[in-house]
Amino acid sequence: ASVLKTKASETVKRLPNTLWHMIYLEIWLKTIIIVLCSTNSSGFNYFSNNNTCQLIDNFTLNYVLQQNLDSEFCFLQPPTALCTNVLDNSLLVAYFSFDSPSPLSYVGSTGLTAIESGQMTVPGHLNEALLFTGSTNSYFQIGNLGVVGTRDQSFSISLWINPTVLTGSTIVHVSLGWEGQGGWCLPFIGFTISGHIAVQMWQGSYAPSVIGPILLLNTWTHVVETFSVANGLKLYINGYLYSATYSISQFFASGSPMFLTVGSAIYASFPACSNLGVLPFTSFAGGVDELRVYSRELIAEDVCTLYYFY
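Heads up: the sequence shown begins at 3 in this note's numbering, then just goes up one per residue.
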């Protein structure tokens, strides 16, 4: 395979068609991070989000295989050399490992509350995790969380998920009231009706979003949502920036401390909560581990470190 150098520590490999099926198996059986890049000389873009590079999804890869378009694409795989095992925990608001015997204990800001309901402790990505059943009353909730209640505040939410169902659901919900409503309420991370992982936030009159690929069932996947006025809304998957909406420069928060609920939107519904986003209020079924909330935008190196070493 010929090799083209891009940025420092990154390598692009153009692969002959005979290797496509081997790459396919590596991606879906081992969940190796590989990004597909369009190199079409005519300028036609095969990606629906108009990016020139993105994580491979099942539909795109099958299309390329069927059409024998190997000459039109190349792969990019970020090595671990892009980051170290030293995690920058500056402006960490809360870190929940969900490990026994104290799954509600956390590291971070003082004054937060934490409750759990209707979940089980199971083997996780690291040690133990929480397993949610997909029912309304199966959730984990942090209270008195100011970072997602402050207008234009940068934030990042990082967690590992292991879904047992992919159809539309809320994984992370933010609300003014404990019951999922309260006058300001919106799912931040979840699955769309079509089963794509997605992140969103509130800009005042609508919920801008970044939609990702369809993830693997029963497989631990690292998902990170970040926002900053300078860089907009971003979605990272397994250590790599999947896509971003850079034009989002405002976060119309409630102005009050919020509840962040994992696994369920509890009693959230329209019209009490906006339905202008891409994520439904249905509860999530699957595991969640290693939840981190920051009052800053994590940079690519931070996300890389969290994926490879945490």
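Glycine included, C-beta positions come from ideal geometry on N, C-alpha and C.
Environment of residue i [buried if 16+ CB atoms lie within 10 Å]
i	result
Asn164	buried
Asp154	exposed
Tyr248	exposed
Ala96	buried
Phe254	exposed
Ile268	buried
Thr115	exposed
Pro210	buried
Leu219	exposed
Ser266	buried
Leu6	Note that Leu6 has pLDDT 27, beneath the 50 cutoff, so the model's placement of it is unreliable and no number is given.
Ser107	exposed
Phe272	exposed
Ser156	buried
Secondary structure of residue i, DSSP reduced to three states
i	result
Leu281	coil
Phe98	strand
Thr115	strand
Ala302	helix
Leu219	coil
Gly151	helix
Leu178	coil
Phe261	strand
Leu93	coil
Ile34	Reliability fails at Ile34, whose pLDDT of 39 lies under 50, so the model's placement of it is uncertain and no value is given.
Leu235	strand
Phe272	coil
Tyr244	strand
Glu12	Below a pLDDT of 50, predicted positions are generally treated as unreliable, and Glu12, at 35, falls in that range; the measurement from the model is reported next regardless. Three-state DSSP puts Glu12 in coil, outside helix and strand.
Gln183	coil
Thr138	coil
Phe253	coil
Thr54	Only weak support is given to the placement of Thr54: the predicted model assigns it a pLDDT of 49, under 50, and the value that follows is read from those uncertain coordinates. Here Thr54 sits in coil by DSSP.
Tyr312	coil
Thr307	helix
His127	coil
Tyr313	Only positions 3 to 312 of the chain appear in this structure, which leaves residue 313 out of reach.
Thr169	coil
Tyr296	strand
Met203	coil
Pro189	strand
Tyr228	Position check: residue 228 holds Thr in this sequence, whereas Tyr was assumed. Residue state, collapsed to three classes: strand.
Ser158	strand
Gly289	strand
8 angstroms contact criterion, which residue i and residue j should meet: CB distance rounded
i	j	result
Ile213	Ala200	5 angstroms
Gly136	Val174	In fact, because the Cβ distance is near 15 angstroms, the residues do not count as touching under 8 angstroms.
Glu292	Cys85	With a Cβ gap of about 16 angstroms, Glu292 and Cys85 do not count as contacting.
Val264	Val149	About 15 angstroms; that fails the 8 angstroms criterion.
Gln183	Ala270	6 angstroms
His224	Tyr309	5 angstroms
Gly241	Val305	6 angstroms
Gly151	Ser256	5 angstroms
Ser285	Thr138	6 angstroms
Proximity of residue i and residue j at Cβ, strictly below 9 angstroms
i	j	result
Val226	Leu161	yes
Phe142	Gly126	no
Ile250	Met203	yes
Gly120	Ser140	yes
Gln252	Val280	no
Phe193	Ser158	no
Gly289	Trp186	no
Asp90	Thr307	yes
Val124	Glu118	no
Asn2	Gly113	Nothing can be reported for residue 2: it is not among the residues displayed for the chain, which extend from 3 to 312.
Leu278	Ser207	yes
Ser111	Arg298	no
Leu188	Ser276	yes
Leu128	Tyr312	yes
Heavy atom of the ligand FAD within 8 angstroms of residue i beta-carbon
i	result
Ala209	Only the bare structure without any ligand can be found here, which leaves the ligand FAD out of the picture.
Would you call the segment 176-187 in contact with the segment 256-274, where contact means no fewer than 3 C-beta pairs closer than 8 angstroms?
yes
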